[in-house]
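Protein chains: 2
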Amino acid sequence: MNTRIYNARLMTMEKGCSIQENGEVWIREDTIAYAGPERPTNCMFDREINANGNLVMPGFKNAHTHSAMTFLRSFADDLPLAQWLNQQVFPMEAKLTKEDVYILSKLANLEYLTSGITANYDMYLFPLEAAKASSEMGFRTVLCSGLNNFSFSLDQIEQEYETLNHFHPLISYQIGLHAEYTTSPELLKSLSALAHRLSAPVSTHCSETENEVQDCIRRYGMTPPAYLDSLGMFDYGGTCFHCVHMTKEDLELFARLGVFIVTNPGSNAKLASGIAPLTDMLDCGISVGIGTDGPASNNCLDFFREMFLATALQKLRLKDAAALDAEQVLQMAVTGGAHAMGLSDCDCLAPGKRADLILIDLHQPNMQPLNHIAKNIVYSGSKQNVKMTMINGQILYQDGKFQTGCDPEEIYQQANRIIRRMQED
Amino acid sequence: MNTRIYNARLMTMEKGCSIQENGEVWIREDTIAYAGPERPTNCMFDREINANGNLVMPGFKNAHTHSAMTFLRSFADDLPLAQWLNQQVFPMEAKLTKEDVYILSKLANLEYLTSGITANYDMYLFPLEAAKASSEMGFRTVLCSGLNNFSFSLDQIEQEYETLNHFHPLISYQIGLHAEYTTSPELLKSLSALAHRLSAPVSTHCSETENEVQDCIRRYGMTPPAYLDSLGMFDYGGTCFHCVHMTKEDLELFARLGVFIVTNPGSNAKLASGIAPLTDMLDCGISVGIGTDGPASNNCLDFFREMFLATALQKLRLKDAAALDAEQVLQMAVTGGAHAMGLSDCDCLAPGKRADLILIDLHQPNMQPLNHIAKNIVYSGSKQNVKMTMINGQILYQDGKFQTGCDPEEIYQQANRIIRRMQED
């Protein structure tokens, strides 16, 4: 299907966050054919969408999440990370079936669509089930193994790497470990060897809490970034999630290695883990994306909240209201995330890029007056402003209605049944 | 008009945040007649609303804002408070006409409705215009004078106190000053005398920034709370906004005087002012409400964002994920705010109380599964979940449509014209 969106304010994000008035976008099947000022054409379009002056921009990239954890939303809040993980999360996760993960991933995907998120980077159990859920719904998902002492194996990861990178155009797979503190040195070394064999980057949680860093130093005499690097883990690059407690040397190391960082401000605040030094990362030249983390820790999958937190917490951390301005945040939310996920063809709206885009409703009181649209989005935007979410040229969400081929009510009922079943076990 | 809302989950907040399944609410004109479990009745209703299992709860009280500052949204962000106020806000405010304030207040009221806010506590220029805007739209507003060396006078305040407290059932007025640092000792003393003459509480910004507190100590040898109290300012109670930098003695003083505090976490974060010690306030027995502050500093008027920030920032401040749980936040957002604004008949859903209520859409992915509805609202809720906002028995917002008797598009256009006119001046 060929689509034309016209009468739009357009933020392609090809270079910065400037706005094109009277812009239009042409989409050929799953690909952007044109994005720029209004211009005459003889092309025939199957569908023409009048954007009514609203903003067309690339979709947000949720560069770190655990989608299927939707079942634990609001289940065990208000606990410190270690207690929350060991006493609440792990025992319930042990009861998860692959059918559960399929349903619970669909629930998360619906929520992503309401927030203008067009791709997620997902580390969780049963990645094949998440791949099925996303591909069936038309959602773009990059999966990531979460190797640790209790789940995943090297063989499984190598097999999934092969299978899931050829599964569906919307799906890809990267190798990863859960975290240094849940993975034995032997396993870590084998994963590093696999990364070398595949010439592949490695993703992992890293330096999320002060304790994690101190424990790693006690164990190995090094911080998590330094220790993982000492194993050659990032010789083909990588993406590290959280990175709240980073030394200057850690940041310089990641800059040198070209390791991407994904920040999770909502989860880090809610679990009292701290505030990541985002401005220091950017100053070092590290490319930073944003993630919601899983719905059990955050507890929502809302990029508007994450974007505001990303900047607001830097301002607090540095006691500087000028820290991390709105345009830097938008670039992290779109371009930085795409790079961290290996989605180089989803980072902006330009010919040849995938048609992953959103329509932001400016005809809402929180977007008026139009003093500065990028600032309005970061400082004042909300899911309520997401008028349309398109992935790979398909409209999956429009005016509050889902077009994913599945019945949301049925998914809600199934999700409630899953958590009730686990509680009754 | 008599209304029945049935098939609802009901959180009356009369005592805590418990949920009544299969609840209903009867409304006689502007007043709650019944709120409790489903029960048979012979009453005739003009309107019956099937809540479809969604949540009915009292509306949020935005207990500190400057509504008409909508014109400065995203106009001068990323600056420290003093510079933002002196170089950007004050020069533009000098160009405001009363007609501007009327339009810009309407714009804010529309935004409040989208966030389930059913009343605002507004300190700004031309309060009569804000009163007209709100009463015409059916919105509930408590106005407050902002006495300082440059605007308002004692005579004006005394006259407005009389006029606006008899202006319309939806409007009330309280006396207040902008802040210690913008008001001379002579003016402060006269305001205190007026408070005594009227037996009235006094509202003010207080201890918002570290500088403000240090300057006050340099000037008077006392913190702002102690200095204002030394003038007898709070002898009939009062409400203090922000209160970010409070000593133990300040908090004990406010607890003793029965002074309410309204916290503004979004604004305090964005302007890098700091994190208010909310848990210490509650531990002292102070009643705390929540406010968005004005749209020029926040930049939005979204209570879901404020509620999440209220708790998330406490967790970060105390390095304790258990700090300030979701139910405490909801009570601040509703009951605490109502008390701080003098709206004792809007603090919960019970017979005789005003029918200021909202319908929260639980049939959305971010509200599923229903593990804990109060936590879902605070940790995962968004404006997108506001299905209906009712004030004084009138539905003003439903399914994304406004029913306020004014055309939103016209207001957006007028707001844009106002800021353009000011820039061209």
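If you read the sequences in order, they're chains A and B.
Numbering follows the working numbering, with no gaps: position 341 of the first sequence is 375.
Numbering follows the working numbering, with no gaps: position 71 of the second sequence is 105.
The beta carbon of each residue, even a glycine, is placed where N, CA and C say it ideally should be.
Chain B contact for residue i (CB, 8 Å cutoff)
i         : result
SER101(A) : no
HIS279(A) : no
CYS51(A)  : no
THR148(A) : yes
GLN362(A) : no
SER414(A) : yes
ILE453(A) : yes
ILE209(A) : no
ARG174(A) : no
GLU192(A) : no
PRO399(A) : yes
Whole-Å CB distance - residue i paired with residue j, under 8 Å assumed
i         : j         : result
ASN426(B) : LEU204(B) : 6 Å
LEU305(A) : TRP118(A) : 7 Å
ARG38(A)  : PHE94(A)  : Not confirmed; about 23 Å, so no contact.
LEU141(B) : ALA449(B) : 5 Å
ALA262(A) : THR238(A) : The amino acid occupying residue 262(A) in the given sequence is Leu; Ala does not appear at that position. At roughly 7 Å, the Cβ-Cβ gap stays under 8 Å, so LEU262(A) and THR238(A) are in contact.
ALA330(A) : ARG107(A) : 6 Å
TYR158(B) : ALA102(B) : 5 Å
Per DSSP, cross-strand counterpart(s) of residue i
i         : result
VAL296(B) : PHE275(B), GLY323(B)
ALA352(A) : The amino acid at residue 352(A) is misidentified as Ala; the sequence shows Leu. None; LEU352(A) has no bridge partner.
TRP118(B) : Beta-bridge pairing links TRP118(B) to no other residue.
ILE392(B) : MET91(B), THR423(B)
LYS304(A) : DSSP lists no partner for LYS304(A).
GLY386(A) : Beta-bridge pairing links GLY386(A) to no other residue.
ASN36(A)  : ARG62(A)
HIS462(B) : In the structure as shown, chain B starts at 35 and stops at 459, and residue 462(B) therefore has no counterpart that could be examined.
GLY210(B) : SER237(B)
ASP336(A) : Paired residues: none, contrary to the question.
THR197(B) : Per DSSP, none; premise fails for THR197(B).
ALA16(A)  : Nothing about residue 16(A) can be read from this structure; chain A reaches only from 35 to 459.
ASN84(A)  : TYR40(A)
Three-state secondary structure (DSSP) of residue i
i         : result
MET103(A) : helix
THR65(A)  : strand
PHE436(B) : strand
LEU181(A) : strand
HIS98(B)  : strand
PRO329(B) : coil
MET401(A) : helix
THR267(A) : Strictly speaking, residue 267(A) in this sequence is Met, with Thr absent from that position. Coil, per DSSP.
PRO311(B) : coil
GLY376(B) : coil
TYR413(B) : helix
GLU55(B)  : strand
ALA346(B) : helix
PRO203(A) : coil
PRO258(B) : helix
TYR215(A) : helix
Any chain A beta carbon closer than 8 Å to residue i
i         : result
ASP441(B) : no
ALA303(B) : yes
LYS95(B)  : no
TYR446(B) : yes
ASP111(B) : yes
ILE295(B) : no
ASN84(B)  : no
LEU6(B)   : Any question about residue 6(B) goes unanswered here, given that chain B covers just 35 to 459.
CYS382(B) : no
PRO114(B) : yes
HIS212(B) : no
GLN248(B) : no
Legend entry - Three or more C-beta pairs below 8 Å linking the segment 407 to 423 of chain B and the segment 341 to 348 of chain A: When Cβ pairs closer than 8 Å are counted between the two stretches, the segment 407 to 423 of chain B is seen not to touch the segment 341 to 348 of chain A, the count staying below three.
Legend entry - Three CB pairs or more closer than 8 Å across the segment 175 to 191 of chain A and the segment 52 to 61 of chain B: No: the two stretches stay apart, fewer than three of their Cβ pairs being nearer than 8 Å.
Legend entry - Contact the segment 214 to 228 of chain B vs the segment 271 to 291 of chain B: 3+ CB pairs below 8 Å: In this structure the segment 214 to 228 of chain B does not lie against the segment 271 to 291 of chain B, because fewer than three pairs of beta carbons, one per stretch, are closer than 8 Å.
Legend entry - the segment 311 to 328 of chain B / the segment 292 to 300 of chain B touching (three or more Cβ pairs under 8 Å): Yes: the two stretches touch, three or more of their Cβ pairs being nearer than 8 Å.
Inset, instruction - Mind the definition here: the segment 98 to 116 of chain A touches the segment 345 to 357 of chain A only if three or more C-beta pairs lie below 8 Å; say whether that holds. - result: No: the two stretches stay apart, fewer than three of their Cβ pairs being nearer than 8 Å.
Inset, instruction - Decide yes or no for the touch test of the segment 363 to 379 of chain A against the segment 324 to 331 of chain A: beta carbon pairs closer than 8 Å, at least 3 of them. - result: At 8 Å Cβ cutoff, the stretches touch.
Legend entry - Stretch-stretch touch, CB-based, cutoff 8 Å, three pairs: the segment 69 to 83 of chain B with the segment 254 to 267 of chain B: The segment 69 to 83 of chain B vs the segment 254 to 267 of chain B: no contact.
Legend entry - Stretch-stretch touch, CB-based, cutoff 8 Å, three pairs: the segment 403 to 414 of chain A with the segment 134 to 151 of chain A: Between the segment 403 to 414 of chain A and the segment 134 to 151 of chain A, the count of C-beta pairs closer than 8 Å stays below three; the two stretches do not touch.
Legend entry - the segment 145 to 162 of chain B touching the segment 385 to 392 of chain B, judged by at least three CB pairs closer than 8 Å: Touching, yes, given that three or more Cβ pairs across the two stretches are closer than 8 Å.
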